[in-house]
Ligand code: HEM
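In the numbering used here, the protein residues as written are 235 to 430.
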């Protein structure tokens, strides 16, 4: 196996590990006192972490002047979307038991659910157009423009977290600060007329 292949598999397994860990905890009964909350939050945490990591890859390329990391952007973005899907599924199926009046009640009354849903909806066209065929069909320019939605999705996902927490806002603030730095780097390059 070539070095590239080993690296690809390492990233793939790294992204899958939080899901495997969750499965393992479910089998061994290690999901804590509130298993549903553990499942929903663990999946939400990893959706956000992978989204932020995906957003960090381009600035990392500029910083290190190597394109090495960028080749994992699509894979990591898709993993972020997969975790977001499982997070929403866990909430809809396990947490509220497919009780749609509760779902629509939450969606209209709880701002963090509303904002989370907006983040999730923003990710759908990105995942749907992530294939090479779709890049060709849309054309590079339009595809790039569409994929700027990822910045909106990242900001909404972090806002979802901030709105959800009641007391300790340290964790969501770490995400917000990281995103502000990443967006500032991009904005700086864009203003300087360089590719972002
Ligand atoms: C891109 C989309 C989303 C991301 C990245 C995301 C991320 C997160 C994060 C990081 C948390 C906090 C986890 C923690 O406390 O450690 C969370 C909690 C939660 N999210 Fe999301 N979320 C998304 C979309 C949604 C959507 C669409 C819904 C519902 C329709 C939703 C429902 C919830 C619920 C119910 C909680 C847990 C609340 C609690 O335990 O009190 N999320 N999410």
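C-beta atoms are modelled at their ideal positions from N, C-alpha and C, and glycine is treated no differently.
Note that the structure is predicted; figures quoted are calculated from it, not measured.
A direct Cα-to-Cα measurement between residue 303 and residue 284 gives close to 14 Å. Short of 7 Å from the beta carbon of residue 301, and not among the five residues preceding or following it, lie these beta carbons of its own chain, in chain order: 295. The C-alpha of residue 346 lies about 24 Å from the C-alpha of residue 252. In the structure shown, residue 362 falls within a helical segment according to DSSP collapsed to helix, strand and coil. When the alpha-carbon of residue 291 is set against those of 368, 329, 305 and 259, the nearest one is in 305.
Residue 351 and residue 425 have their C-alpha atoms spaced approximately 31 Å apart. Taking C-alpha positions only, residue 409 is separated from residue 236 by approximately 35 Å.
Set against 8 Å, the gap from the CB of residue 362 to the closest heavy atom of the ligand HEM is not smaller.
For residue 247, the enclosing alpha helix (DSSP H) stretches over residues 237 to 262. Residue 313 and residue 249 have their C-alpha atoms roughly 7 Å apart.
Residue nearest to residue 415 within the set 289, 402 and 240 is 289 (criterion: CA-CA distance).
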